Amino acid sequence: MRRSKAPSMRLAAKRKIEDPEQPPEELEAPCSWPSNTPPMEWGSSSGTESFGPRELKAGENPLRESRIFHVLWRNQTTKKHKTWTGNGTLVVTGSKVALKDDTGKVVDSMTCFKQRDFKENDLLEVGSKDVEVQEEIKTLEECVTQRELEIASWCKKVDALNGLDSPVHVASAPYRSHVLKRPHEEISLKAQNPAPSGFTQSGIESSHHFESQMFKKKNSEETPSGPTQVEYLCLLAPAELQDNILHFLAEYIKNSKMEPPIIKQMVEVVCDHPVLLKTLVKQIDFKDIMELLEPKLPPWLEMDIYDSAKFEFVHRMLDHLVVEQGEKCCILANRQDCLKLAMGYCQSYDLNHVQLDSPQKVAIFNSDEEGSPMVALVLTSDLPEISSLRCKNLIVYNHNAREEANNLLSTAETDTKIYTAITSGGCPEERQFYRRLGLHKDVDSLVDIQNYSRAQIPSTRYELATWTKIEPPYSTDFLKEANISDSLENIQLVYSKNINVQLEQ
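Spelled out as structure tokens, the structure:
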């Protein structure tokens, strides 16, 4: 039941499609995320906001450097029945993509993905928009006509704002403006791309109606009056790159005398995001293993959002909570490098954010004033300096920081949801999580990684006292109640618990 079964433009950044013409770059940051800088504009340098689209100059041909497609688009939504709400063009210039409306105004953009062959009816995600590709504009004449139509649409909108109704007639147009079609049928696409997590469609939901009702009943019984706090432990399937690296480590330690603290740190870094392995390359303790591992990895700059289960969770939830619903969200992590990745993501997608390390910054985030930060980033080691954070949503990036989360939030003032992301699928991080709950008695991190093989991944789903266990397929009622994005397809299991909030006297 995800927003779209289309391949995401961010997912298209995967390294499987190579671009031999893309020169290598060297950045200071350990990872490069998509940029929100709009690519080439057809109109004036300041865009169409004030002056509208301009006519093409003599000798100007937008197709020299770009491919341009007619498209249909809509804002991403969790609604079951979706309709296209706008038409426009998609301009692909090298590694940059701009989505423009029917006036030529850039409404969203994306960068840092490898070019691919677009074809009619392709479904994409460009920023916060769902896009369906239509016909490609292949001639200069079509470009000129499209520009004339954009000018006409812009003039019509200006007239409407001024109380006039005088649509501009484009006599030279050889064909009509691209029109909105019926909602695209996605049945065949869904069949080709089944959701591994089991997010439900209506037919499946009915078979889980009883479980859904029990979830709502149990939680309603536990929910106290006044502000509520609900915690969700989200166990996530590891990304393909994470899986490959963990299997490499499992094989490596069979024939080496690697110290447990070293292998434990590597596993933690891989589970946070494989790109952070770059921070270990020059450290003496990791020199030997990184010399063997690095040639097997994709280039650092080609690693992306989807190479980490937990970072994909953050990306989807920020889109869902902040972009779509306008709610504030806080991310708590143990490592500054993890916060840097989140910071880079917020910068790329123009999400107003702040790292909290003082009471003054907490006050700024808590403010309801227009323009106040929507995303707060908190380092666990800074928690003694801050408290009384008013935020509906907290994402705990490292499961062993859960205990500190309550010291951060002002739970007596607002309803809160706490989401803890845990790399699962038999991953050592999952075993460490259960160990902290007293379900695993051993403390050997080497055994954790040695057991990580496809034949030995545990299928046990523990029953946790005082927690409600929710397994896929997830019902619409549960996703709505938990406010979890229905585009997340890597959630293998969720534990839920209502926490009694102590009101201040």
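Residues in the sequence shown are numbered consecutively from 1, following full-length UniProt numbering. From the three backbone atoms N, C-alpha and C, an ideal C-beta is built for every residue, glycine too. Please read all numbers here as calculations on a predicted model, not as lab measurements.
Per DSSP, cross-strand counterpart(s) of residue i
i: His-353; result: Val-375
i: Phe-286; result: Answer by DSSP bridge pairing: none, since Phe-286 is not bridged.
i: Glu-312; result: According to DSSP, Glu-312 bridges with nothing at all.
i: Ile-418; result: Glu-231, Leu-394
i: Lys-156; result: Paired residues: none, contrary to the question.
i: Gly-88; result: Val-71
i: Leu-124; result: Val-131
i: Thr-423; result: Leu-236
i: Ala-333; result: Leu-379
i: Ile-499; result: Gln-229
i: Ser-109; result: Ala-98
i: Glu-136; result: Phe-69
Exposed unless 16 or more other CB atoms sit within 10 angstroms - verdict on residue i
i: Leu-493; result: buried
i: Asn-367; result: Inspection of the sequence shows that residue 367 is occupied by Ser rather than by Asn. Counting Cβ neighbours within 10 Å, Ser-367 comes out exposed, since fewer than 16 surround it.
i: Thr-420; result: buried
i: Lys-257; result: exposed
i: Phe-113; result: Below a pLDDT of 50, predicted positions are generally treated as unreliable, and Phe-113, at 48, falls in that range; no measurement from the model is reported.
i: Thr-423; result: buried
i: Asn-352; result: exposed
i: Ser-153; result: buried
i: Leu-292; result: exposed
i: Ala-465; result: exposed
i: residue 543; result: Examination of residue 543 is not possible in this model, given that the chain is present from 1 through 505 alone.
i: Pro-62; result: buried
i: Lys-310; result: buried
i: Gly-104; result: buried
i: Lys-96; result: buried
i: Gly-438; result: exposed
i: Pro-53; result: buried
i: Asn-87; result: buried
i: Pro-428; result: buried
i: Val-158; result: exposed
i: Gln-336; result: exposed
i: Glu-28; result: Residue placement at Glu-28 cannot be trusted, given a pLDDT of 40 that sits under 50; what the coordinates show is reported in the next sentence. Looking at its Cβ environment, which holds fewer than 16 other Cβ atoms inside 10 Å, Glu-28 is exposed.
i: Gln-242; result: buried
i: Asp-117; result: exposed
i: Gln-347; result: exposed
i: Glu-268; result: buried
i: Gln-134; result: buried
i: Glu-125; result: buried
i: Ser-487; result: buried
i: Gly-425; result: buried
i: Glu-55; result: exposed
i: Glu-489; result: buried
Contact belief for residue i with residue j at Cβ below 8 Å, rounded distance in angstroms
i: Ile-68; j: Ile-137; result: 4 Å
i: Ile-470; j: Phe-478; result: 6 Å
i: Tyr-397; j: Ala-333; result: 4 Å
i: Gln-76; j: Asp-130; result: 5 Å
i: Asp-307; j: Val-275; result: 7 Å
i: Leu-377; j: Leu-409; result: Leu-377 to Leu-409, Cβ: 15 Å. No contact.
i: Trp-84; j: Glu-132; result: 7 Å
i: Ile-484; j: Ile-395; result: Their Cβ separation, rounded to whole angstroms, is 11 Å, which puts Ile-484 and Ile-395 out of contact at 8 Å.
i: Val-281; j: Glu-294; result: 7 Å
Option in the options with minimal Cα separation from residue i
i: Val-270; options: Asp-285, Asn-255, Leu-249; result: Leu-249
i: Ser-109; options: Asn-121, Asp-117, Gly-94; result: Gly-94
i: Pro-373; options: Pro-62, Lys-328, Ile-499, His-273; result: Lys-328
i: Thr-228; options: Tyr-462, Tyr-434, Asn-406, Ser-475; result: Asn-406
i: Arg-436; options: His-315, Arg-402, Ser-381; result: Arg-402
i: Leu-72; options: Asn-61, Leu-99, Ser-66; result: Leu-99
i: Glu-463; options: Leu-233, Leu-149, Glu-150; result: Leu-233
i: Glu-385; options: Leu-339, Pro-359, Ala-160, Lys-119; result: Pro-359
i: Leu-341; options: Val-322, Leu-321, Glu-312; result: Glu-312
i: Arg-461; options: Gln-450, Thr-380, Arg-431, Ser-348; result: Arg-431
i: Thr-468; options: Tyr-474, Tyr-495, Asn-451; result: Tyr-495
i: Thr-380; options: Asn-400, Glu-55, Gly-371, Gln-146; result: Asn-400
i: Thr-89; options: Lys-361, Lys-82, Arg-147, Glu-65; result: Arg-147
i: Asp-350; options: Gly-425, Glu-369, Ser-387, Ser-128; result: Ser-128
i: Glu-65; options: Asn-498, Leu-124, Val-92, His-273; result: Val-92
i: Ile-499; options: Glu-294, Ile-449, Glu-231; result: Glu-231
i: Asn-255; options: Cys-143, Leu-446, Tyr-345; result: Leu-446
i: Leu-297; options: His-273, Val-314, Arg-316, Met-317; result: His-273
i: Leu-321; options: Val-354, Met-343, Val-375, Gly-371; result: Val-375
i: Ile-262; options: Arg-74, Ile-449, Lys-119, His-70; result: Ile-449
i: Met-290; options: Tyr-252, Glu-324, Thr-476, Gln-325; result: Tyr-252
i: Asp-382; options: Glu-369, Met-317, Glu-404; result: Glu-404
Q | the region 229-246 touching the region 380-393, judged by at least three CB pairs closer than 8 Å | A | no
Q: Count the CB pairs spanning the region 285-301 and the region 411-428 that are closer than 8 Å, and state whether there are at least three.
A: no
Q.
Tell me whether the region 355-371 and the region 300-309 touch, counting them as touching only if at least three CB pairs, one residue from each stretch, are closer than 8 Å.
A. no
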